[in-house]
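Novice:
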Amino acid sequence: MYPDERRILMTPGPVVFSVDTLRFMASTVYEHTSPDFALIHGDAIRRFRVVIGAPSGAPVFILPGSGTLAMEVALVNVVKPGSRVLVLSHGFFGDRWAEIAKAHGYSVTTLSSELGEVVGLEAVVEELSKGGYEALLVTHVETSTGVRADIEKLAGIARRFDVTLLVDGVSSVAAEPINCGSWGVDVIVTASQKALETPPGLALIALCTERAVEAYERYSASVKSYYARLNLWAKVMEAYERGEVAYFATPSTHLVVALAKSLEKILAEGLERRFRRHALLAKAIRAGLRGMGLEVVARREEIAASTVTAALLPEGVNPLDVRKAMMNGNIVIALPIHPALRGRSIRIGHMGSVNHNDVIATIALLERVLKRLGAPIELGRGLEEAQRVLYEEGL
Ligand code: PMP
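Letter 348 of the sequence shown, counting from 1, is numbered 348 in my numbering, and no numbers are missing.
#1: Taking only heavy atoms of the ligand PMP into account, decide whether any of them is closer than 8 Å to the Cβ of L69.
#2: Tell me the residue span of the alpha helix (DSSP H) that contains L320.
#3: Out of F17, I52, L166, state which residue places its alpha-carbon closest to the alpha-carbon of S89.
#4: Look at V332 and M71 and say whether their C-beta atoms are less than 9 Å apart.
#5: Give the straight-line distance between the Cα atoms of L196 and S345, rounded to the nearest whole angstrom.
#6: Do you know whose CA, among F37, I8, V369, H356, lies nearest I285's CA?
#7: Quick one: is L132 buried, meaning 16 or more other Cβ sit within 10 Å of its Cβ, or exposed?
#8: Start and end of the beta strand (DSSP E) containing G349?
#9: Nearest-angstrom Cα distance between V73 and P64?
#10: Curious, which full-length alpha helix (DSSP H) runs of at least 4 residues does the stretch 5 to 31 contain?
#11: Tell me whether V245 sits in a helix, a strand or coil according to DSSP, three-state version.
#12: Going along the chain, which unbroken runs of the alpha helix (DSSP H) with 4 or more residues stay wholly within the stretch 28 to 104?
#13: Can you list, in chain order, the residues of its chain whose CB lies under 6 Å from that of E367, leaving out five sequence neighbours each side?
#14: Below 8 Å, is the gap between the Cβ of T143 and the nearest heavy atom of the ligand PMP?
#15: Under the three-state reduction of DSSP, which class applies to F197: helix, strand or coil?
#16: Do we get a CB-CB distance below 9 Å when we pair L111 with the residues of chain C?
#17: Mapping the DSSP letters down to three states, classify Y133 as helix, strand or coil.
#18: Kindly indicate which three-state DSSP category S112 falls into: helix, strand or coil?
#19: Which residues does DSSP list as the beta-bridge partners of T250?
Dropping the structure here:
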């Protein structure tokens, strides 16, 4: 049986796309060398820059692919081959940075945080002080634990030690504040299927600083993958932005069209408002989870992400059973992916168009599901706490 169309998706990507976006995407078939498509692609690039606070004219690349591709392509195009890189890992996706860098022959040092924590800034300073590093790779929101790194401060540290900062913004862009221009973040990568509210399949890369552009000009042409050479894509991206057509490899036309529309809606909501909405809903989710007696994995409120929350389940409750029962109740939540959290936790995504009704429905169903699975839950305790947050914030 196919899913009920009223099923609520509380996963950390893919997320629900708006009907407007789907309709616009389905309205016609755009041919990739048509002026119409060039115009839409140009809009997508310009709007994306605004969302991440990139300077006008900062090179943006929209490639067919997922977030992992964006990480990999960005890395090999801006970081000197074979050089030393420092990875800050707060979980599964931080480790992915390290794996990608190793796969490409970089010399990798990883500073890993405790579960539910982020690497301390002093530790980063201490490691970079040893010298010899070319780049610092970090995940903005670690989707496996629900923690958020302080990218603004890390950018300051990167400047001080003259290393290139690459930020994985897959689970943050368009939901968490990020201002790569004024913060001095060299490179941001993301993917379409999360807070950008677009179907999966686009890898986005932005080179936000002079430093990033210079590095890309130096290394791009000799990247050992033809498809991944951003200098070859640049001509197409630049042409589209001028409203002109060009060809390197066929873009994901429908997805780009969807992205342009979704970005228009995101900007119409207003970025500040959107960031506040995400922060508030996340706070309500955490309050609800704690209210019913669950432990939120993010150890401090200041580092708890606005887009995804991981929580430990009561002893003896299996995440697979919880997910299945939730799904039967028409709400989809995610299973754990962090090795230390497998078998004992769940993840709830709350990004994109998620609203206060979704939050209440999720907390309410989770209480019933856990109680039915034998956990010591008192119905209404989580709900009461989530309600309180929403009420106090005027919702
Ligand atoms: N980084 C983060 C923080 C992610 O959450 C994800 C996907 N969940 C990725 C990278 C990888 O993205 P993708 O699955 O689109 O390759």
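C-beta: ideal position from N, C-alpha, C; glycine also.
Specialist: Put simply:
#1: yes
#2: 319 to 328
#3: L166
#4: no
#5: If you draw a straight line from the Cα of L196 to the Cα of S345, it comes to about 26 Å.
#6: H356
#7: Per the sequence presented here, residue 132 reads as Gly, with Leu not at that position. By the neighbour-count rule (16 or more Cβ atoms within 10 Å), G132 is not buried but exposed.
#8: 345 to 349
#9: 12 Å
#10: 19 to 26
#11: V245 falls in the coil class under three-state DSSP.
#12: 35 to 52, 67 to 78, 92 to 103
#13: M292, I377, L379, G382
#14: yes
#15: Residue identity differs from the one stated: residue 197 is Glu in this sequence, not Phe. In this structure, E197 counts as coil in the three-state DSSP scheme.
#16: Of the chains in the structure shown, none is chain C; there is only one protein chain.
#17: Correct three-state label for Y133: strand.
#18: Correct three-state label for S112: strand.
#19: Partner(s): none; T250 has no beta bridge.
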